[in-house]
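> Supplied in C-alpha cells, the structure appears directly below.
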Amino acid sequence: MTDQDFIPTEYEQENIKGKTTWKAPSNIALVKYWGKKANQIPANPSISFTLDTCATTTSMSYKKLDNPKSDFSFELFFEGRQKESFKPKVNTFFERIETYLPFLKSYHFKIETSNSFPHSSGIASSASGMSALALCLMDIERGFHPEMTDSFFRRKASFLARLGSGSACRSIEGALIQWGHHEDIQGSSDLYGIKYPFKAHEVFENYQDTILLVDKGTKQVSSTVGHDLMFGHPFAKPRFTQAHENLSELKVIFEEGNLDRFIKIVESEALTLHAMMMTSHPYFILMKPNTLKILNKIWAFRERSKSHVCFTLDAGANVHVLYPESEKEKVSEFIEEELLQHCENGQYIQDRLGLGAIKY
Ligand code: DP6
435 MTDQDFIPTE YEQENIKGKT TWKAPSNIAL VKYWGKKANQ IPANPSISFT LDTCATTTSM
495 SYKKLDNPKS DFSFELFFEG RQKESFKPKV NTFFERIETY LPFLKSYHFK IETSNSFPHS
555 SGIASSASGM SALALCLMDI ERGFHPEMTD SFFRRKASFL ARLGSGSACR SIEGALIQWG
615 HHEDIQGSSD LYGIKYPFKA HEVFENYQDT ILLVDKGTKQ VSSTVGHDLM FGHPFAKPRF
675 TQAHENLSEL KVIFEEGNLD RFIKIVESEA LTLHAMMMTS HPYFILMKPN TLKILNKIWA
735 FRERSKSHVC FTLDAGANVH VLYPESEKEK VSEFIEEELL QHCENGQYIQ DRLGLGAIKY
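Count along the sequence shown from 1, then add 434; that gives the number in the working numbering.
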C-alpha cells in the first residue's frame with residue numbers, strides 16, 4: 435500500500451454530530467526505532483510488545499460547523515481540565531493528517547483525554563495518546579463510510595497515529611507489533627504497524643513488564659530531537675543494519691521460545707539506544723545512577739537464580755523489567771526486595787502484554 439491508498443473517496447453522507455471514545459495502550463520496543471526520515475518514515479524497522487495497563491482514554495465529540503474557517507476548530511481537556519499547552523501538538527497532528535481525513539476542518543471537536551499512569555511519571559504518553567486520537571478520528575470517518583473493513587480501519591488508524599508519533603503506530607493492536615519495512619517480514623511497511631506475522635512461542639504469552647519509575651522528571655531530550663541526532667551520526671549506518679539483523683534473529687527466537695537469546699537482543703537494543711545518545715552531538719546520558727544500580731542487580735539476580743528476567747529502556751532513566759509469567763512470583767519478590775528502593779518514592783507500574791486498543 436502507498437500513502438495514496440489512505441486518501442478517501444468523497445464522503446456521500448456525513449454525520450452532523452456524535453461522540454466516540456477509545457482506550458489505546460502504550461507499547462515497549464524490543465528492537466528500537468531511533469532515527470527517522472521525512473514524513474515520519476523510520477530509519478530502521480522496530481518491534482514492540484503492546485502493553486495493557488499503561489493506556490490513554492480519549493473521547494472525541496464532533497459537530498459539523500455551519501461556517502468552517504481556515505483553521506482547525508477544537509478544544510482539549512486533559513484529566514478534566516482545559517489544557518492549552520497540548521494544543522500545538524494536536525494542531526500539528528491535524529495538519530499532517532488533513533490530506534487523509536478531509537473532513538477535519540468542517541467540524542468542531544471536543545477532545546477529552548486522560549492517562550492511566552500518573553502524569554509526569556516519565557512514561558511517554560505520545561504513543562497511547564496519538565493512537566487513541568487516531569482511532570477516534572477513524573471511527574468518525576467510518577461513520578461516513580460504513581462499508582469500511584476492520585482491517586482497513588486498523589491499518590489506517592496505525593498510519594495516522596504514525597504521523598502523530600512514530601511509535602504510536604505500534605499501539606493499535608496487540609500483542610507483538612512490527613513497524614518498518616524488513617525484507618524477511620511479509621507485509622511489513624514503513625507506513626504502519628502490523629501484527630507480527632510469525633509464530634510466537636507460548637512462553638511469550640502474558641509476558642510481564644514491571645516499569646520502575648527511576649526518574650519522573652521531564653525528558654532531557656525530546657524524541658524528535660533525539661531522532662534528528664541520528665543524522666550524520668558516525669554509527670548510524672551500522673546501527674540501522676543491526677536493527678534489521680536483530681529482527682531476523684528474533685524470528686527464530688520467537689518461534690523457539692529461546693529466552694537466553696531473546697534477553698541478549700533486548701538488552702543489547704536498550705544499551706545501543708543509549709549508546710547512540712551518548713555518542714551523538716550534542717551527547718546525552720539519560721540513565722541515572724539508580725538506573726545502573728538496577729541493571730547490575732538484574733544481572734546478578736539472573737546469574738544466581740537462573741531466572742529469565744531482563745531489562746529494556748526507553749529514551750530516559752526508567753527501567754522496564756521483562757519476564758515470563760511463569761517466573762512472576764520469584765521476580766516480584768526480587769523487585770520488591772532489591773529494586774524498588776532505587777525508584778523515585780518507590781513508584782512502579784505493574785504491566786504486561788495487552789491485546790490492543792478498545793472502543794467504549
Ligand atoms: C526510544 O515515537 O516518541 O521510544 O516519532 O518523534 O514521536 P516521534 O518519536 P517517538 O520515539 C520513540 C523512541 C523510543 C523507541 C521506540 O519506541 O521504538
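Even for Gly, the Cβ is constructed at its ideal location relative to N, Cα and C.
Should MET712 be labelled buried (16 or more other beta-carbon atoms within 10 Å of its own) or exposed?
Exposed is the call here.
> How big is the Cα-Cα spacing for VAL743 and GLY788?
Between VAL743 and GLY788, the C-alpha separation is close to 19 Å.
> Flag this pair as yes or no: are the beta carbons of LYS629 and ILE611 separated by less than 8 Å?
Cβ distance < 8 Å, so LYS629 and ILE611 count as in contact.
> What's the C-alpha gap between THR436 and TYR794?
Going by the C-alpha atoms only, they are around 31 Å apart.
> Would you call the CB atoms of LYS633 and PHE551 closer than 8 Å?
No, Cβ-Cβ distance for LYS633 and PHE551 is not below 8 Å.
> Of all the beta strand (DSSP E) runs that stay within the bounds of the stretch 703-776, which reach a length of 3 or more residues?
Within the stretch 703-776, the complete beta strand (DSSP E) runs of at least 3 residues are 744-747 and 753-757.
> Measure the alpha-carbon distance for PHE669 versus GLU679 and round it to whole angstroms.
When rounded, the distance between both Cα atoms is 15 Å.
> My output table needs one value for LEU625: the three-state DSSP class, helix, strand or coil.
Coil.
> Check for me: the beta strand (DSSP E) holding THR526 runs from which residue to which?
From DSSP, THR526 is part of no beta strand (DSSP E) but of the alpha helix (DSSP H) over 521-531.
> Tell me whether GLN438 sits in a helix, a strand or coil according to DSSP, three-state version.
Note: GLN438 maps to helix in three-state DSSP.
> Which residues bound the beta strand (DSSP E) around SER508?
The question names Ser, but residue 508 is Phe in the sequence shown. Taken as a continuous stretch (DSSP letters only), the beta strand (DSSP E) holding PHE508 covers 507-512.
> What does the alpha-carbon distance come out to for the pair PRO716 and THR484?
The straight-line gap from Cα to Cα measures roughly 31 Å.
> According to DSSP, is MET494 part of a helix, a strand, or is it coil?
In this structure, MET494 counts as strand in the three-state DSSP scheme.
> Put VAL465 into one of helix, strand or coil per three-state DSSP.
In the structure shown, VAL465 sits in a strand (DSSP, three-state: E or B).
> Using only the alpha-carbon positions, how far apart do ASN752 and GLY556 sit?
Approximately 7 Å, taken between the alpha carbons.
> Can you check DSSP and say which residues form a bridge with HIS579?
Looking at the DSSP assignment, HIS579 forms no beta bridge with any residue, so it has no partner.
> So if DSSP puts THR455 in a beta bridge, which residue, or which two residues, is it bridged to?
Paired residues: SER493.
> Using a 10 Å radius around the Cβ and a threshold of 16 neighbouring Cβ atoms, would you call GLU575 buried or exposed?
Per the 10 Å Cβ criterion, buried.
> Taking a contact to mean a Cβ-Cβ separation below 8 Å, would you say LEU569 touches LEU535 in this structure?
Cβ distance not < 8 Å, so LEU569 and LEU535 don't count as in contact.
> Cβ-heavy atom distance between TRP733 and the ligand DP6 below 7 Å?
No, since every heavy atom of the ligand DP6 falls outside the 7 Å radius drawn around the Cβ of TRP733.
> Classify ILE545 as helix, strand or coil using the three-state DSSP reduction.
Here ILE545 sits in strand by DSSP.
> Measuring alpha carbon to alpha carbon, tell me which of ILE545, PHE587 and HIS542 ends up nearest ASP439.
The shortest Cα separation from ASP439 among ILE545, PHE587 and HIS542 belongs to PHE587.
> Using DSSP with H/G/I as helix, E/B as strand and the rest coil, what is PHE483?
In this structure, PHE483 counts as strand in the three-state DSSP scheme.
> Take ARG673 and list the residues in its own chain whose beta-carbon comes closer than 8 Å to its own, dropping the five residues that flank it on each side.
Counting only Cβ-Cβ distances below 8 Å, and skipping sequence neighbours, we find TRP468, GLY469, ASN478, MET664, HIS667, THR706 and MET710.
> When you compare only the Cα positions, how much space is there between TRP456 and SER592?
When rounded, the distance between both Cα atoms is 14 Å.
> Tell me whether LYS466, by its Cβ, gets closer than 7 Å to a heavy atom of the ligand DP6.
For the ligand DP6, at least one heavy atom lies less than 7 Å from the Cβ of LYS466.
> Using CA coordinates, which residue listed in ASP748, TYR757 and SER739 is at the minimum distance from SER691?
Sequence check: residue 691 is Gly here, not Ser. Among ASP748, TYR757 and SER739, the Cα nearest to that of GLY691 is on TYR757.
> Pick helix, strand or coil for PRO536, following the three-state DSSP scheme.
DSSP places PRO536 in coil when its eight states are reduced to three.
> Look up LYS470 in the DSSP assignment and give the residues it is bridged to.
Per DSSP, PRO476.
> At a Cβ threshold of 8 Å, is HIS635 touching chain C?
Among the chains in the structure shown there is no chain C, since it carries only a single protein chain.
> Under the DSSP definition of a beta bridge, which residues are partnered with GLY790?
DSSP output for GLY790 lists GLU607 as bridge partner(s).
> Quick one: give me the first and last residue of the beta strand (DSSP E) that LEU646 is part of.
From DSSP, the beta strand (DSSP E) with LEU646 extends over 642-646.
> Let me confirm a value: PRO522 is counted as buried when at least 16 other C-beta atoms fall within 10 Å, else exposed. Which label applies?
Result: exposed.
> Compute the Euclidean distance between the alpha carbons of GLU778 and THR491, then round it to the nearest angstrom.
If I take the Cα positions, the gap works out to 26 Å.
> So, is GLN620 buried or exposed, given that buried needs 16 or more other C-beta atoms within 10 angstroms?
GLN620 should be labelled exposed.
> Consider the C-beta atom of SER495 and the heavy atoms of the ligand DP6; say whether any pair is separated by less than 7 Å.
No, since every heavy atom of the ligand DP6 falls outside the 7 Å radius drawn around the Cβ of SER495.
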